[in-house]
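Q:
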Amino acid sequence: MSFFANQMLVALPALQDPNFSRTVALICQHDGDGAMGVVINRPSEYTFGDLLDQMNILLRDERLRDHRVLAGGPVHPERGFVLHDGEGGWDSSLAISEGLHVTTSRDVLEAMAAGDGPEHATVALGCAGWGKGQLERELTQHSWLTVPSDAQLIFETPLDARWQAAAGRIGVDMMHIASHSGRA
269 MSFFANQMLV
279 ALPALQDPNF
289 SRTVALICQH
299 DGDGAMGVVI
309 NRPSEYTFGD
319 LLDQMNILLR
329 DERLRDHRVL
339 AGGPVHPERG
349 FVLHDGEGGW
359 DSSLAISEGL
369 HVTTSRDVLE
379 AMAAGDGPEH
389 ATVALGCAGW
399 GKGQLERELT
409 QHSWLTVPSD
419 AQLIFETPLD
429 ARWQAAAGRI
439 GVDMMHIASH
449 SGRA
């Protein structure tokens, strides 16, 4: 069986679910029991400063105050997921690939607030989840493209350009793919 951890899923135009229309999701974990990922191109209503204020964490690195927190998916929208580079040694981290991790513990947020966090990081609230065999079925139904993970896209590409940029990594121009209604 082929698993898709460290791949990005790019929603095809025909995908009907409003939670995932025009999204790019980084698959963090995928095994025989299902998959978990984080949507990396949908902004939430919160900034990093808002999030830290709610958690009573003092923000010392003011450059981060207005960084947009992402809406990482409809599952556990109250939980934070930090995608980041480097090792760090945070309490609750999962290696997605060499040099790319997802961390869910408070210590990484405290380090970021103090200016001691990972060099590159993206914070999301919530994640996306697929049950056993669900992602595989969605792939056979042509709901998603799979694209190799790309740190530059995850950390540097503007949010509104990520959907097209991710598809472009494999030579696909999303503006030339017909939607479910037959329009280009």
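Offset between the sequence shown (1-based) and this note's numbering: plus 268.
No residue lacks a Cβ here, since even glycine has one placed at the ideal position from N, Cα and C.
These figures come from a predicted structure and were not determined experimentally.
(1) Taking the straight line between their C-alpha atoms, what separation do you get for Val433 and Met276?
(2) When burial is assigned at 16 or more other CB atoms within 10 Å of the CB, is Leu326 buried or exposed?
(3) From the DSSP output, in three-state form, read off Trp431 for me.
(4) In whole angstroms, what is the alpha-carbon distance linking Asp318 and Gly302?
(5) Can you list, in chain order, the residues of its chain whose CB lies under 7 Å from that of Trp358, leaving out five sequence neighbours each side?
(6) If you run the structure through DSSP and keep just helix, strand and coil, what is Phe288?
(7) From Ala453 to Asp428, what distance separates their C-alpha atoms?
(8) Grab me the residues of Cys395's own chain with a C-beta within less than 7 Å of its C-beta, minus the 5 sequence neighbours each way, in chain order.
(9) Buried or exposed: His410, going by 16 or more other Cβ atoms within 10 Å of its Cβ?
(10) Can you name, in chain order, every residue of its own chain whose Cβ lies under 8 Å from the Cβ of Gly383, other than the five neighbours on each side?
(11) Taking all protein chains shown into account, do 16 or more other C-beta atoms lie within 10 angstroms of the C-beta of Pro311, making it buried, or fewer, making it exposed?
(12) Please return the same chain residues whose Cβ sits closer than 6 Å to the Cβ of Ile308, not counting the five positions on each side in sequence.
(13) Would you decide whether Pro416 is buried or exposed? Buried here means 16 or more other CB atoms lie within 10 Å of its CB.
(14) If Leu413 sits next to Leu280, beta carbons under 8 Å apart, how far is it from one beta carbon to the other, in whole angstroms?
(15) Can you give me the start and stop residues for the beta strand (DSSP E) that Met380 sits inside?
(16) Is the beta carbon of Ser360 sitting closer than 7 Å to the one on His369?
(17) With distances taken from CA atoms, which of His298, Thr315 and Ile438 is nearest Arg333?
(18) Please identify the residue among Arg290, Met323 and Trp431 whose C-alpha is closest to the C-alpha of Glu378.
(19) Please classify Ile364: does DSSP put it in a helix, a strand, or coil?
A: Quick look at the numbers:
(1) Here the question's residue 433 lines up with position 165 in the sequence shown. Here the question's residue 276 lines up with position 8 in the sequence shown. It is worth fixing the name first, because residue 433 is Ala in this sequence and not Val. Cα to Cα, the separation comes out at about 11 Å.
(2) Here the question's residue 326 lines up with position 58 in the sequence shown. Exposed, because fewer than 16 other Cβ atoms sit within 10 Å of the Cβ of Leu326.
(3) If you number the sequence shown from 1, residue 431 lands on position 163. Here DSSP, grouped into helix, strand and coil, assigns Trp431 to helix.
(4) By 1-based counting over the sequence shown, the position of residue 318 is 50. By 1-based counting over the sequence shown, the position of residue 302 is 34. Rounded to whole angstroms, Asp318 to Gly302 spans 32 Å at the Cα level.
(5) Residue 358 sits at position 90 when you count from the first residue of the sequence shown. Within the same chain, Trp358 has close Cβ partners Thr371, Ser373, Asp375 and Val376.
(6) Along the sequence shown, read from residue 1 onward, the residue named residue 288 stands at position 20. DSSP places Phe288 in coil when its eight states are reduced to three.
(7) Because the chain in this structure spans residues 269 to 452, residue 453 falls outside the shown range and cannot be described.
(8) Counted from its first residue, the sequence shown places residue 395 at position 127. Closer than 7 Å at the Cβ level, and outside the excluded window around Cys395, lie Met304, Gly305, Val306, Gly340, Gly341, Val343, His344 and Phe349.
(9) Numbered from its first residue, the sequence shown carries residue 410 at position 142. So His410 counts as exposed.
(10) For the purposes of this step, residue 383 is identified with residue 115 of the sequence shown, where counting begins at 1. Here the set comprises Arg328 and Asp329.
(11) The count along the sequence shown starts at 1 and reaches residue 311 at position 43. Exposed, because fewer than 16 other Cβ atoms sit within 10 Å of the Cβ of Pro311.
(12) Position 40 of the sequence shown, counted from the first residue, corresponds to residue 308. Around Ile308: Val292, Leu294 and Ile422.
(13) By 1-based counting over the sequence shown, the position of residue 416 is 148. Under this definition Pro416 is an exposed residue.
(14) In the sequence shown, counting from the first residue as 1, residue 413 sits at position 145. In the sequence shown, counting from the first residue as 1, residue 280 sits at position 12. The Cβ separation is near 6 Å, so the contact holds.
(15) Here residue 380 is taken as the residue at index 112 of the sequence shown, counted from 1. Met380 -> not in any beta strand (DSSP E); alpha helix (DSSP H) instead, spanning Arg374 to Ala381.
(16) The residue you call residue 360 lines up with position 92 of the sequence shown. The residue you call residue 369 lines up with position 101 of the sequence shown. For Ser360 and His369, no; Cβs fall outside 7 Å.
(17) Your numbering for residue 333 matches position 65 in the sequence shown. Out of His298, Thr315 and Ile438, Thr315 has the C-alpha closest to the C-alpha of Arg333.
(18) Locating residue 378 in the sequence shown gives position 110, where the first residue counts as 1. Selected option, being the one with the closest Cα: Met323.
(19) For the purposes of this step, residue 364 is identified with residue 96 of the sequence shown, where counting begins at 1. In the structure shown, Ile364 sits in a strand (DSSP, three-state: E or B).
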